[in-house]
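Enquirer:
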Amino acid sequence: NRTCPHGDDDRLTISGTRLREMFANHEEIPKEFSRREVVAVLQEFYDSQA
Numbered sequence: 221n222r223t224c225p226h227g228d229d230d231r232l233t234i235s236g237t238r239l240r241e242m243f244a245n246h247e248e249i250p251k252e253f254s255r256r257e258v259v260a261v262l263q264e265f266y267d268s269q270a
């Protein structure tokens, strides 16, 4: 049960698998998905695992 009042058309859904692929391939993460500073920390982590 979600508490967000927005409808499905206003949500951005990315699976965990797809998100990991995006980090692995250095694809741009949509700005609507997460703050830039969070994406930068996650990208640094994924880069350190390669």
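Residue numbers (the working numbering): 221 to 270. By construction, the Cβ of each residue, glycine as well, lies at the ideal position given by its N, Cα and C atoms.
The alpha helix (DSSP H) with A260 in it runs from where to where?
Expert: Taking the first residue of the sequence shown as 1, we reach residue 260 at position 40. It spans R256 to Q269 - the alpha helix (DSSP H) in which A260 sits, taken as one unbroken run.
Enquirer: Quick check on DSSP: helix, strand or coil for N221?
Expert: Residue 221 sits at position 1 when you count from the first residue of the sequence shown. No answer about N221 holds up, because its pLDDT of 48 lies below 50 and its placement is not dependable.
Enquirer: Once DSSP output is grouped into helix, strand and coil, what is the label at L248?
Expert: Position 28 of the sequence shown, counting from 1, holds the residue named residue 248. Looking at the sequence shown, residue 248 is not Leu but Glu. If DSSP states are grouped into helix, strand and coil, E248 belongs with coil.
Enquirer: To the nearest angstrom, how far is the alpha carbon of E252 from that of D230?
Expert: If you number the sequence shown from 1, residue 252 lands on position 32. If you number the sequence shown from 1, residue 230 lands on position 10. If you take the alpha carbons of E252 and D230, they lie about 10 Å apart.
Enquirer: With DSSP collapsed to three states, give me the class of R238.
Expert: On the sequence shown, residue 238 is found 18 positions in, with the first residue counted as 1. Looking at R238 - three-state DSSP - the assignment turns out to be helix.
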